[in-house]
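So the sequence lines, in the order shown, correspond to chains A, B and C.
Reading the first sequence from the start, the letters are residues 0 to 259 in numbering that gives the first Met the number 0.
Reading the second sequence from the start, the letters are residues 0 to 259 in numbering that gives the first Met the number 0.
Reading the third sequence from the start, the letters are residues 0 to 259 in numbering that gives the first Met the number 0.
All C-beta atoms in this analysis are idealised placements derived from N, C-alpha and C, irrespective of residue type, glycine included.
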Amino acid sequence: MQRPQAALRNGLAQGTAGVVASLRARAPRVHCITNDVAQNFTANVLLAAGAMPSMTLSPEEIGAFVAGAQALLVNLGTFDAKRREAASIAVATATHKHLPWVLDPVFVDRAPPRAAFALDLIRLGPSVVRLNHVEFFALSANEPSRDAILSFARSHRTVVALSGETDLVTDGERIAAIANGHPYMAKVTALGCAGSALLAACLAVEQDAFRAAVSALAIMGVAGELAGAGAAGPGSFAVGIVDALHGLNEATLVARAKVS
Amino acid sequence: MQRPQAALRNGLAQGTAGVVASLRARAPRVHCITNDVAQNFTANVLLAAGAMPSMTLSPEEIGAFVAGAQALLVNLGTFDAKRREAASIAVATATHKHLPWVLDPVFVDRAPPRAAFALDLIRLGPSVVRLNHVEFFALSANEPSRDAILSFARSHRTVVALSGETDLVTDGERIAAIANGHPYMAKVTALGCAGSALLAACLAVEQDAFRAAVSALAIMGVAGELAGAGAAGPGSFAVGIVDALHGLNEATLVARAKVS
Amino acid sequence: MQRPQAALRNGLAQGTAGVVASLRARAPRVHCITNDVAQNFTANVLLAAGAMPSMTLSPEEIGAFVAGAQALLVNLGTFDAKRREAASIAVATATHKHLPWVLDPVFVDRAPPRAAFALDLIRLGPSVVRLNHVEFFALSANEPSRDAILSFARSHRTVVALSGETDLVTDGERIAAIANGHPYMAKVTALGCAGSALLAACLAVEQDAFRAAVSALAIMGVAGELAGAGAAGPGSFAVGIVDALHGLNEATLVARAKVS
Numbered sequence: 000m001q002r003p004q005a006a007l008r009n010g011l012a013q014g015t016a017g018v019v020a021s022l023r024a025r026a027p028r029v030h031c032i033t034n035d036v037a038q039n040f041t042a043n044v045l046l047a048a049g050a051m052p053s054m055t056l057s058p059e060e061i062g063a064f065v066a067g068a069q070a071l072l073v074n075l076g077t078f079d080a081k082r083r084e085a086a087s088i089a090v091a092t093a094t095h096k097h098l099p100w101v102l103d104p105v106f107v108d109r110a111p112p113r114a115a116f117a118l119d120l121i122r123l124g125p126s127v128v129r130l131n132h133v134e135f136f137a138l139s140a141n142e143p144s145r146d147a148i149l150s151f152a153r154s155h156r157t158v159v160a161l162s163g164e165t166d167l168v169t170d171g172e173r174i175a176a177i178a179n180g181h182p183y184m185a186k187v188t189a190l191g192c193a194g195s196a197l198l199a200a201c202l203a204v205e206q207d208a209f210r211a212a213v214s215a216l217a218i219m220g221v222a223g224e225l226a227g228a229g230a231a232g233p234g235s236f237a238v239g240i241v242d243a244l245h246g247l248n249e250a251t252l253v254a255r256a257k258v259s
Numbered sequence: 000m001q002r003p004q005a006a007l008r009n010g011l012a013q014g015t016a017g018v019v020a021s022l023r024a025r026a027p028r029v030h031c032i033t034n035d036v037a038q039n040f041t042a043n044v045l046l047a048a049g050a051m052p053s054m055t056l057s058p059e060e061i062g063a064f065v066a067g068a069q070a071l072l073v074n075l076g077t078f079d080a081k082r083r084e085a086a087s088i089a090v091a092t093a094t095h096k097h098l099p100w101v102l103d104p105v106f107v108d109r110a111p112p113r114a115a116f117a118l119d120l121i122r123l124g125p126s127v128v129r130l131n132h133v134e135f136f137a138l139s140a141n142e143p144s145r146d147a148i149l150s151f152a153r154s155h156r157t158v159v160a161l162s163g164e165t166d167l168v169t170d171g172e173r174i175a176a177i178a179n180g181h182p183y184m185a186k187v188t189a190l191g192c193a194g195s196a197l198l199a200a201c202l203a204v205e206q207d208a209f210r211a212a213v214s215a216l217a218i219m220g221v222a223g224e225l226a227g228a229g230a231a232g233p234g235s236f237a238v239g240i241v242d243a244l245h246g247l248n249e250a251t252l253v254a255r256a257k258v259s
Numbered sequence: 000m001q002r003p004q005a006a007l008r009n010g011l012a013q014g015t016a017g018v019v020a021s022l023r024a025r026a027p028r029v030h031c032i033t034n035d036v037a038q039n040f041t042a043n044v045l046l047a048a049g050a051m052p053s054m055t056l057s058p059e060e061i062g063a064f065v066a067g068a069q070a071l072l073v074n075l076g077t078f079d080a081k082r083r084e085a086a087s088i089a090v091a092t093a094t095h096k097h098l099p100w101v102l103d104p105v106f107v108d109r110a111p112p113r114a115a116f117a118l119d120l121i122r123l124g125p126s127v128v129r130l131n132h133v134e135f136f137a138l139s140a141n142e143p144s145r146d147a148i149l150s151f152a153r154s155h156r157t158v159v160a161l162s163g164e165t166d167l168v169t170d171g172e173r174i175a176a177i178a179n180g181h182p183y184m185a186k187v188t189a190l191g192c193a194g195s196a197l198l199a200a201c202l203a204v205e206q207d208a209f210r211a212a213v214s215a216l217a218i219m220g221v222a223g224e225l226a227g228a229g230a231a232g233p234g235s236f237a238v239g240i241v242d243a244l245h246g247l248n249e250a251t252l253v254a255r256a257k258v259s
């Protein structure tokens, strides 16, 4: 059983380098419904990686913005009526246009209305659900074991990207672990949110949502390691990860990506 | 009369080091009602100091978020109907749960409705009111002399933390001056707002609100001095103060804190 | 015809240095209606250049804030009912008080309601319209040739500041090109928005709107070049341009400004 896994691993690391090249070549636009805290950092992360952000939430405009974008992010970090309406229009547009989209159900563990709204959105078929352990528990009532996330991905016909010390990605059949990253990543606000936006950008250039998710997590993790090496603390780390994403060398990425 | 003051000073500097250690050990969550401009920087300052931020404003959620937090910040920098409703729910929850909370009445000198709302909030018993000279004048109709702030603190049964070239803190009986800081602190937007959030975090780990306020101002001031030494301007200063807060050494803090 | 142009060029470069000195001496307050993504960076850019930001959008307050400011920015990047109402009150106040104001019609190329709203605002007489090539096309139905922008400025009795690889500024009679800048400027979100806020600050200290616009674009361009020289990527570039604006030396500015 080692062989196919090793082949998968090499293929995924190589694929990640290809995703980086495609982002730079094609500059996909990602429309982001995200929280107030994350907007600026998310835009800078997308720009550094080669993508283009747009962020309007107005109901009279968001349909047109999503229709012209290549991917969509729905992040529930700021959970207000404006964003709920925006999300409904945006997801309907993405579905109609066959655009990939990512759901990041931030803080669904904190308040039941968020969890209910997130489950409604999952029924609409996000390409990827990106969440952490407590958020997975809040949505599934299960601890995020390998079996539990495989089952969740299968039953909801989506890809689960579970962040943690080691990130896990599964489409219900394949499963990959990404062991890159740096402790400062937990010390910078909105880094996870920006990572989900990058995941949406990767979906715009890689049709296989499982591979796109693995790539996005590996890209952020490796950029984090590079930034961490030169940082004096979480402030310079947040600056450095933007620099690292912009300068990321494909060979470095293949060499450092710990995908298994 | 020198002796008690000297003892107070040493006690406060030592206490500040203890507060830093407690923030790192206990990672209190601070719910922040703050302005659009300040949200991201405030979250990063709290994370760097060891605390956890949350920032939702939705009326259907904020009660649950505050109930599970260890302290609350109410900053009036963005003064809109959404935040006024959020503040009412949040303060009621904090009062019910006996949580400490900080009022930062930003720009009450600019518009009478803010001043009226701030005075209503002061009647609800904030643990600390953090303000600058013009804001104090707008709320009290007095110049911020030592006598005036002592009297304000006594009559409103709160702690006043007055920022200026030298910061002053009083609970109506004790009074302390903190002479740390750096000129770039006035050149970075939201630094004062982030400082008030840090003050709320300190209240979560130090029950004596007077000592918590002295600690918070000393921590920000010393971090500012450390950041200023390595900064090429206010841009790198804003990055450096986050790094400095994260790396702050307790011995450095005791050695540098100018509390009297 | 070379002579007057050379004289204009020298005069504009010298004038730019004078504008920088005036910003630092007079610290004008600029009230900014701008988008969520840009607020924090815009405030830091204004502070670094010597100006003071204010950003409230509340209808009950914005009139008082604008009345006490020295210039106004109306940026359409976030296009919502709150900002439309804010813009109406703010522009009426600026007109009544004879304050200069800048219109930055962000993304008018993306959605017709923005373009219609922007044209309504242009009829109210902004001192300067700052836009890029696609935004100019969306508003004028013409490619932004020199003739087209001269004509637009004349017919709308405003100054056009067109950003591009080379920036162009015209009041319908005079025209200047500013060839400063750095490629990373396109990789930092809200840099253009912050530049328009700086333009508003320059209008507060230089009555000739044409000269103020040339100065603002030259200041940002030269600061960008200085920041670019020391940057490891767009993250450190965004930090460095704030440092560069703060430290900008008038002699360096005169030497480096490529105005023709």
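Between which two residues does the beta strand (DSSP E) containing C:D108 stretch? Note, C:D108: premise wrong, no beta strand (DSSP E); not H, not E.
From A:F236, A:G163 and A:D35, pick the residue whose C-alpha is nearest to that of A:V133; which is it? For A:V133, the nearest C-alpha among the options comes from A:G163.
Tell me where the alpha helix (DSSP H) around C:A80 begins and ends. Counting along the chain, the alpha helix (DSSP H) containing C:A80 begins and ends at A80 to H95.
8 Å is my cut-off, CB to CB: does C:A231 come that close to chain A? C:A231 counts as touching chain A.
Contact with chain C by A:G246, beta-carbon distance below 8 Å: So yes, A:G246 belongs to the interface.
How far does the beta strand (DSSP E) with B:A160 in it extend, from its first residue to its last? Residues V158 to S162.
How long is the line joining the alpha carbons of C:G14 and C:T33, rounded to whole angstroms? Distance from the CA atom of C:G14 to the CA atom of C:T33, rounded to whole angstroms, is 27 Å.
Buried versus exposed call for C:H245 [16 or more other C-beta atoms within 10 Å across all chains shown]: When all chains shown are included, C:H245 counts as buried.
Listed by chain order, chain C residues near A:G239 by CB distance under 9 Å: Within 9 Å of the CB of A:G239, the CB atoms of chain C belong to A231, G232, G234 and S235, in sequence order along the chain.
Name the residue from B:V253, B:A250, B:V238 and B:R8 whose alpha carbon lies nearest to the alpha carbon of B:L47. The question names Leu, but residue 47 of chain B in the sequence shown is Ala. Selection B:V253, B:A250, B:V238 and B:R8 evaluated against B:A47 yields B:V238 as nearest (Cα-Cα).
Which same chain residues end up closer than 6 Å to C:F151 when comparing Cβ atoms and leaving out the 5 residues on each side of it in sequence? Here the set comprises S139 and V159.
Once DSSP output is grouped into helix, strand and coil, what is the label at B:M184? Secondary structure of B:M184 (DSSP, three-state): helix.
Alpha carbon to alpha carbon, how far is A:E142 from A:F135? Give it in angstroms, no decimals. Taking the CA atoms as reference points, A:F135 sits about 7 Å from A:E142.
Could you compute how far the alpha carbon of A:D119 sits from the alpha carbon of B:S57? Answer to the nearest angstrom: the Cα atoms are 19 Å apart.
Tell me which same chain residues have a C-beta within less than 6 Å of the C-beta of A:H181, skipping the five on either side of it? Taken in chain order, the residues that qualify are G223, E224 and G227.
For A:I177 versus A:L197, is the C-beta distance shorter than 8 Å? Contact flag unset, no.
Of all the CB atoms in chain A, is at least one closer than 8 Å to the CB of B:Q1? Annotation note: pLDDT 47 at B:Q1 (below 50); position unreliable, coordinate value reported separately. Not an interface residue.
Would you please verify whether the beta carbon of B:F78 is less than 8 Å from any beta carbon of chain C? For B:F78, the answer is yes, since a Cβ of chain C falls inside 8 Å of its Cβ.
So is B:D166 in contact with chain C if we call contact Cβ pairs under 8 Å? Not flagged as an interface residue toward chain C: B:D166, since no C-beta distance is shorter than 8 Å.
Taking its Cβ as the centre, do 16 or more other Cβ atoms sit within 10 Å of C:V234, making it buried, or is it exposed? The question names Val, yet the displayed sequence has Gly at residue 234 of chain C. Per the 10 Å Cβ criterion, buried.
Might you give, ordered along the chain, the residues of its own chain that have their beta carbon closer than 8 Å to the beta carbon of B:V65, omitting 5 neighbours on each side? Cβ neighbours of B:V65 beyond the five flanking positions: H30, L71, I88, A89, T92, A93, K96 and L98.
Distance, Cα to Cα, B:S195 vs A:S144? Distance between the alpha carbons of B:S195 and A:S144 is about 40 Å.
N-terminal and C-terminal residue of the beta strand (DSSP E) that B:S126 is part of: Membership of B:S126 in any beta strand (DSSP E) is not indicated, and neither H nor E is assigned to it by DSSP.
According to DSSP, is A:P52 part of a helix, a strand, or is it coil? Strand.
Pick helix, strand or coil for C:L72, following the three-state DSSP scheme. Reduced to three states, the DSSP call for C:L72 is strand.
Quick check on A:A115: buried or exposed, where buried means 16 or more other Cβ atoms within 10 Å of its Cβ? Exposed.
Measure the alpha-carbon distance for C:S126 versus C:V36 and round it to whole angstroms. The straight-line gap from Cα to Cα measures roughly 24 Å.
Taking just the CA atoms, how far does C:P27 sit from C:R8? Each residue's Cα considered, the two are about 26 Å apart.
When DSSP labels each residue in this structure, what does A:T165 get in the three-state scheme? It is coil, neither helix nor strand.
8 Å is my cut-off, CB to CB: does A:G13 come that close to chain C? Per the sequence shown, residue 13 of chain A should be read as Gln rather than Gly. It does not: the Cβ of A:Q13 has no partner Cβ on chain C nearer than 8 Å.
Quick one: what's got a C-beta closer than 7 Å to C:H155's C-beta in the same chain, skipping five residues either side? The residues are I121.
Which residues DSSP lists as bridging B:A199, in chain order: Answer by DSSP bridge pairing: none, since B:A199 is not bridged.
The region 50-77 of chain B: positions lying closer than 8 Å to chain A by Cβ: So the list reads P52, S53, M54, T55, L56, S57, E59, E60, A63, F64 and G67, given in the order they occur along the chain.
Give the residues from the region 6-40 of chain C that approach chain B closer than 7 Å (Cβ to any Cβ), ordered along the chain. Flagged, chain order: D35, Q38 and N39.
Rounded to a whole number of angstroms, what is the C-alpha to C-alpha distance between C:G171 and B:C192? Each residue's Cα considered, the two are about 44 Å apart.
Mapping DSSP to helix, strand and coil, what is B:V253? In this structure, DSSP gives B:V253 a helical state, which the three-state scheme calls helix.
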